[in-house]
Each structure stands twice: as structure tokens, then as C-alpha cells.
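Residue numbers (my numbering), protein chains in the order written: chain A, 1 to 192; chain B, 193 to 556.
Idealized CB from N, CA, C, for every residue including glycine.
Fair warning: this is a prediction, and the values are worked out from it, not measured in the lab.
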């Protein structure tokens, strides 16, 4: 029975989030509770992956990361690439978040843009602070993150640079195969 | 009946050689004890100390130290203390320096360089540390970074010498060379002294105008020359065939080799004086060698080379580390497998302990 309020919160509360800042705060506070909780590491990873799958627009990130290469991918390759990139981003972001034993988020403010918004946050540690900026786009009654910038460096941009390097010497199929191998997933099915 | 009579006669002869009978048991007991003690202590990496200088104090460094502590005795210390522990106290085979801003760079997907200050003389423990780091890095690359971009790069720097590592050949060739020279000297000196008695030539020599010092000195000098030549030729063989580094001065090498063999020759003379029969020469020689080797190992374990040069700076191919997945189950299991592989290698290596250690006390 104790899980019912949480389910209600996850399903219903997002609809109530009016601003990008509020929505971001709600997601990150849920993430903080998971990270600081008593679950095992694997359980935390699974819970955070589920949470962020509703918050990160990984398809938009994938298209931005590939840039001009996106159009050179066939529809079939695009279809294979998107879930792999989603797995990559979720894994990287979740694992990075779990480096903080008990992340303390500070919400600096929001900037409303045409069709979207930018939310500035910080993770505060006893000795340091880490600036994280989320670029959000409106998606109905909720917001989705289309870009994450850590300490002034865009994660999508960094992955884009790596994709550029790989695709300069490999084909899209090779890149997809490489990502599958790295995830230990020969079938191409992603783990969620 | 005749056979039994001969057998009884030989048994009576054997029973009169009390020292030989004792050696029948003492030698195997010594070998078993030394091998057991050597192999028993080399089966874990948790006893390996790794000082960590945490100048980052961020979440990445914290997670990294936590991951390393699962497999090593990681200790957070200052830079000065870390250098002291590795280069002077010989408490640790290496120290890890985590620079400021490591966490910020890592989280922003920017590569950082961490420094591994090493003492190559403690190469076994050093290899175990590298295995832990390498496996952790592979795991990180495969999950967190699909394109294997290394966010943490290790620069390895020896602070006790001008080489980052010593190959097993560079240790085995001089070690086995010394071992064979030592055993050859002990056997030949002991046998030569006893054979003089058996052949009754010692009695004849005693009637000559030669003093006993001259007689013994001549015998030992002959062995010294042969032993020195043997050692130099074996080292030359290692140099020509396996690229063993012998330094830059042939004269110094000859002087050192002569001094080493001179010490061995005198030691062989002492051992030869303990041997009463030809039959005792081999078991007593082996037993003494093993004891001396064990004593030498203890000395080397506590008195390692002093720092020589801290200027060499080279890159190593090993990288870090389990910072993204400090508590994950699968990488931990893989790390343990890797550590176990190292432990098995060390187990095999330790099986050679008595043979290596027999030569150790005479390595200058």
C-alpha cells in the first residue's frame, strides 16, 4: 500500500507541474530520494532509468548528436540507433548521478524560450558545486529535456563529437554494431 | 641370504652416518616449510597498500577510492606522505594522485590525467594494482562510454628508478645465474675438500712445505675464477639472447661479479667445513642455500632500494577505473576474476620461491 502514493505521484503529479522549473524540481527531487535511499545499486539504476525515461527526450538528443549524419542513416538504421542512444544517455546520466552519495540540488532559475525553456541547477557537495543546465521543450502537459549541459559542456555535443570521429572512419552500421557490442547486446534489443 | 647380508651391511654403514640420516629428513622439511610459507602469503590483493592523494575531494574521486578499497588497502594521504610511503618506507608499490577538478572534468566528459607514482621493485604488487585498474576501466568504457573514450588517463612515473618496470626475465636470469653459481661452488668446494681425504691426497699435501692457508686459498681461488667466469658468461648469455640490461660499465660489472662470487666462495668454504662425507655435500649444501635464501628474502623484503631518480616520466597503457559503477555486482565479480588471475600467477611464481631465494642473499 505504501507504494500507491508514489505511483500516484509519478503518474498524476507531473500533470500538475506548471513551469519547467517546477517540473524539473519534481523529477530531480524524486531522483534525489532514490539515490539517497536504501536500495541496492542495481535497484537504484533501474528506478532512475524509469524515472528519467519520462524526462529525457533521447530521440531529440540522438538527432542532435548525429547532426548531419542523421539524414545519411536509413530509416532502419535510425530505428536501431534511437534505442541504443537512449540506453547510452540514460546509463551515463544515471551512473553520473549515482556518483553523488546524496545529491543536494539547488534550482537557480528558469528562462522561458520560444517553444521551450532553460533551467539552471546546481548539485552541491560539501566542497564543491556542479552547474547543470537542462534545455527543455514542451510536450503537452509536461516538459522533456532535449539537452544537458554539465559545467558548460553539452553532453549531447560531446557525444556528437565522438560520433563524428567514429563515422569518419566507419559506416552507420558499424557504429550501431559497436554500440551493441559495448552494451553486450548482440540482438540490438535495449535494456530498460 | 647373501642379498640380505649385503643389505644388512649397507644398513649398518648408513646408520653410522648420523648427519646423513638427519639430512634425509631435515632437507625435505626445510623445503616444504619454505615453499608452504611462500605460497601461503601470496594469495590476496587486499593486503596491498595503495596510498591515494585526493586533491579533488569530489564525487568521482570518492567513488574511485571506494571502488579501489574493495580490492586494495586504499589509504587517503597527503602528497608528501604518499611519496614517503612508496619511495622511502617501501610500504606501498604505488601511489595514486587524483588531481583537483577531476570530478568536474569527468562529469563534463572531459579527459583527466591521474598520476601513478610507482616503485617498480615491488612489481608483483604493482601488477596486481594495474589489473584492478585495467579491468575497472574496461568495464567503465563498455557501459558508460560506448565509444571507449577514456576519461581518466593514467600517467605512470617511477619514483625509485629510471625504469617503469622490470621484466620477469630481468629478475630471473640474474637470479638463476647466481643460484647455479652458488650451488656449483658449494658442491665443488665441499666435494673437493672431502675427496682430498678420500683419495688421501690431503695427507700427502700436509707433508709438503705448503701451509694450510696456501692449500685452501689455492683451491678457493680456482673456484673463484671459475665461478666468476661462469656468472659473467651466464649474464652475457642473458644479455645477448634476452636483452638483459647489464649497465654501462663492463669493469664495474666484472668487479661486482667477482665480489659476489668471492662472497659465495667463502660461504661455500664454510659450508664445506660442515660436511663430513661426500654424501652430505648435496643435501647440506641445498639446506644451507635454502636457509640463506630465506634469510635473504626477509632482508630484501624490509630493505628495498633507496630512491634513485624521480625525473623519468612516461605514459602507461593502463587506465582507470570503476568510478561510474562503484557498487555494481557484475563489474565486481569481473574484478575478482581478474584479481584471481593475478593471484594464480603469483601462486605459480611463488612455487619458484626457494630457487629464487637461494640466490637472493648474494644479489648486491
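Comparing alpha-carbon positions, which option in the options lies nearest residue i?
i             : options                       : result
residue 68/A  : 144/A, 167/A, 86/A and 25/A   : 167/A
residue 302/B : 165/A, 33/A, 159/A and 38/A   : 159/A
residue 423/B : 410/B, 438/B and 411/B        : 438/B
residue 53/A  : 31/A, 70/A and 74/A           : 31/A
residue 221/B : 281/B, 482/B and 462/B        : 482/B
residue 378/B : 463/B, 300/B, 387/B and 392/B : 463/B
residue 148/A : 40/A, 60/A and 22/A           : 60/A
residue 51/A  : 177/A, 23/A and 62/A          : 23/A
residue 212/B : 452/B, 459/B, 470/B and 325/B : 470/B
residue 384/B : 409/B, 364/B and 403/B        : 409/B
residue 417/B : 479/B, 396/B, 373/B and 440/B : 373/B
residue 299/B : 142/A, 93/A and 33/A          : 93/A
residue 376/B : 479/B, 415/B, 260/B and 198/B : 415/B
residue 271/B : 281/B, 290/B, 429/B and 349/B : 290/B
residue 107/A : 143/A, 134/A and 172/A        : 134/A
residue 173/A : 73/A, 183/A and 38/A          : 73/A
residue 125/A : 102/A, 40/A and 136/A         : 102/A
residue 435/B : 488/B, 394/B and 360/B        : 360/B
residue 66/A  : 122/A, 36/A, 176/A and 121/A  : 176/A
residue 218/B : 405/B, 480/B and 487/B        : 480/B
residue 387/B : 465/B, 195/B, 293/B and 199/B : 465/B
residue 460/B : 199/B, 440/B and 478/B        : 478/B
residue 25/A  : 99/A, 152/A and 122/A         : 122/A
residue 180/A : 99/A, 80/A and 95/A           : 80/A
residue 346/B : 305/B, 370/B, 363/B and 280/B : 305/B
residue 239/B : 282/B, 214/B, 317/B and 292/B : 317/B
Checking the sheet assignment: what are the DSSP bridge partners for residue i?
i             : result
residue 368/B : Its beta-bridge partners do not exist; DSSP assigns none.
residue 144/A : 137/A
residue 129/A : 124/A
residue 242/B : 266/B
residue 109/A : 120/A
residue 154/A : 149/A
residue 56/A  : 145/A
residue 190/B : Nothing about residue 190/B can be reported from this structure: the residues present for chain B run from 193 to 556 only.
residue 104/A : 124/A
residue 304/B : 344/B
residue 288/B : 244/B and 308/B
Between residue i and the rest of its own chain, which residues show a CB-CB distance below 6 Å, the 5 nearest in sequence each way excluded?
i             : result
residue 150/A : 132
residue 449/B : 420, 423 and 424
residue 467/B : 382, 473 and 476
residue 407/B : 397
residue 365/B : 430 and 436
residue 20/A  : 110, 117, 119, 136 and 143
residue 70/A  : 63
residue 193/A : Residue 193/A falls outside the range modelled here, since chain A spans only 1 to 192, and no answer is possible.
residue 297/B : 304
Whose C-beta lies closer than 8 Å to the C-beta of residue i among residues of the same chain, with five residues either side of it excluded?
i             : result
residue 278/B : 243, 284, 285, 286, 287, 309, 310, 311, 351 and 352
residue 58/A  : 82, 85, 86, 89 and 90
residue 77/A  : 172, 173 and 176
residue 129/A : 106, 122 and 123
Within the same chain, show all residues whose beta-carbon is closer than 7 Å to that of residue i, passing over the 5 residues directly before and after it, in chain order.
i             : result
residue 295/B : 248, 250, 251, 252 and 253
residue 276/B : none
residue 165/A : none
residue 456/B : 373, 374, 377, 419 and 554
residue 97/A  : 31, 35, 48 and 103
residue 454/B : 416
At least 3 beta-carbon pairs within less than 8 Å: the segment 45-53 of chain A vs the segment 115-135 of chain A: no
Quick one: any contact between the segment 247-261 of chain B and the segment 309-318 of chain B, if contact means 3 or more CB pairs under 8 Å? no
Which residues, taken in chain order from the segment 90-113 of chain A, show a beta carbon closer than 7 Å to some beta carbon of chain B? 91, 92, 95, 96, 99 and 100
Which residues, taken in chain order from the segment 115-143 of chain A, show a beta carbon closer than 7 Å to some beta carbon of chain B? 125, 127, 128 and 130
Where the segment 260-274 of chain B meets chain A: residues whose CB sits under 9 Å from a CB there: none
Three Cβ pairs or more, each shorter than 8 Å: is that satisfied between the segment 264-272 of chain B and the segment 239-246 of chain B? yes
Could you say if the segment 99-112 of chain A and the segment 195-208 of chain B meet the contact criterion of at least three C-beta pairs nearer than 8 Å? no
Could you list the residues in the segment 248-259 of chain B with a C-beta less than 8 Å from some C-beta on chain A, going in chain order? 249, 250, 251, 252, 254 and 255
Could you run through the segment 155-174 of chain A and flag, in chain order, every residue whose CB is less than 7 Å away from some CB of chain B? 155, 158, 162 and 166
Listed in chain order, which residues of the segment 50-79 of chain A have Cβ atoms closer than 8 Å to some Cβ of chain B? none
Selection of the segment 294-312 of chain B by Cβ proximity to chain D, strictly under 9 Å: Included in the structure are the protein chains A and B, with no chain D among them.
Report the residues of the segment 21-45 of chain A with a CB closer than 7 Å to any CB of chain B, ordered along the chain. 41 and 42
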